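J.:
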Amino acid sequence: MSAVLQPRYDEFDTADIMRGLYGDGIIGLKGAFERSWVQSLRQDIDMLFEEAQRRPGGALGRGPNRFYVEVHPERIRGFVDLITHPWAVAVCTAVLGPQYRVVETGFDVPGPGAANQPWHRDFPMPDATRVGRRLNSLAFNITTVDVEEDMGPFEIAPGTQWDEFSGCDKGMFPPPSHYHRYEARAQRKLPKMGDISARSALTIHRGTANRSNRSRPVFVLGVDAPDATNSQHHDMQVTRAYYNALPQEVRSHLTCRIVDELEHVVQAHTIEGLIKGVD
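Per my numbering, residue 38 is the first one in the sequence shown, and the count goes up by one each step.
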């Protein structure tokens, strides 16, 4: 498996990266991976999703017919390709610093019939952002399909990673009185196979209703700055043999347990406010 682009990471402009993530809260790179690479990723996701559905608690509900599964890095054939991709390295280094840490690997599957999610962010705003005005985590997304309008595209309200609101559920779900702001800013994303995006998970967003007869699986990579604590909600594991075979530059950016045998992930990052969905 190989990436299409192999420039040096420092060929990407740090100012452009910072401007995009501190401004809109989301950036992307088209054609970062070959379609054949993405097809292999989809095969891995389909297999792991089938396994997770057979296991109690293996696939977490994120709304009607919408699921999230956290997976072990070594069960994704392209994991090393992804985290060493020059653009991903450049983005992580620019925003999170050279000591960034990969803390989450998983995927979302919005299936046919998935409903609109409420507007939300993925976790409460940390003090680093609220007080320090600094982003200390990023979420990378890779679609495994060419997204079309009827497939429940991801929708985001640019610039809202800085929004503060009180009296809301766990600091993640803004009250409906704020929805007009998000709807006025909303952008639906229609990425193609091979595209990759990076965003602040604090930027207000939602999955929209999937009115097609096709699923829209998307791979998720979570990355933290050294002071962030998102790793507490995840249980990244790698076997000792896999870890020892990784390049040192990869090992130095992993926050994980090193185990003799992989254990089923007990997912801690449930988001109860997403379970019902909205009309």
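Note that CB positions come from ideal geometry on N, CA and C, so glycine has one too. Note that the coordinates shown come from a computational prediction; the quantities given were computed from them, not determined experimentally.
Taking buried to mean at least 16 other C-beta atoms within 10 Å of its own C-beta, is Asp84 buried or exposed?
T.: This sequence places Met at residue 84; Asp is not what is there. By the 10 Å Cβ count, Met84 comes out exposed.
J.: Identify the residues that DSSP records as bridge partners of Leu291: which are they?
T.: Val139.
J.: From Gln80 to Ser73, what distance separates their C-alpha atoms?
T.: Cα to Cα, Gln80 sits roughly 11 Å from Ser73.
J.: Rounding to the nearest angstrom, what Cα-Cα distance links Ser268 and Leu227 in this structure?
T.: About 29 Å.
J.: Would you mind working out which of Arg222, Glu286 and Phe86 sits nearest Trp156, comparing C-alpha positions?
T.: Looking at the Cα atoms, Arg222 is the closest of the given residues.
J.: Curious, which full-length beta strand (DSSP E) runs of at least 3 residues does the stretch 64-102 contain?
T.: Correct list: empty.
J.: Give a yes or no on whether the C-beta atoms belonging to Gly143 and Gly259 are separated by under 9 Å.
T.: In contact: Gly143 and Gly259 (Cβ atoms closer than 9 Å).
J.: Between Ser237, Glu192 and Met209, which lies nearest to Tyr219 when the distance is taken from Cα to Cα?
T.: Measuring from the Cα of Tyr219, the nearest candidate turns out to be Glu192.
J.: If you check the beta carbons only, do Ser252 and Pro149 fall under 9 Å apart?
T.: Cβ atoms of Ser252 and Pro149: closer than 9 Å.
J.: Within 10 angstroms of the Cβ of Val5, are there 16 or more other Cβ atoms? Answer buried if so, exposed if not.
T.: Residue 5 lies beyond the residue range present for the chain, which begins at 38 and ends at 316; the question has no answer from this structure.
J.: Can you grab the Cα-Cα spacing for the pair Glu185 / Asp297, in whole Å?
T.: Roughly 42 Å separates the two Cα atoms.
J.: In chain order, what residues of the same chain have a beta carbon less than 6 Å from the beta carbon of Ile54, not counting five sequence neighbours either side?
T.: The residues are Val128 and Ala131.
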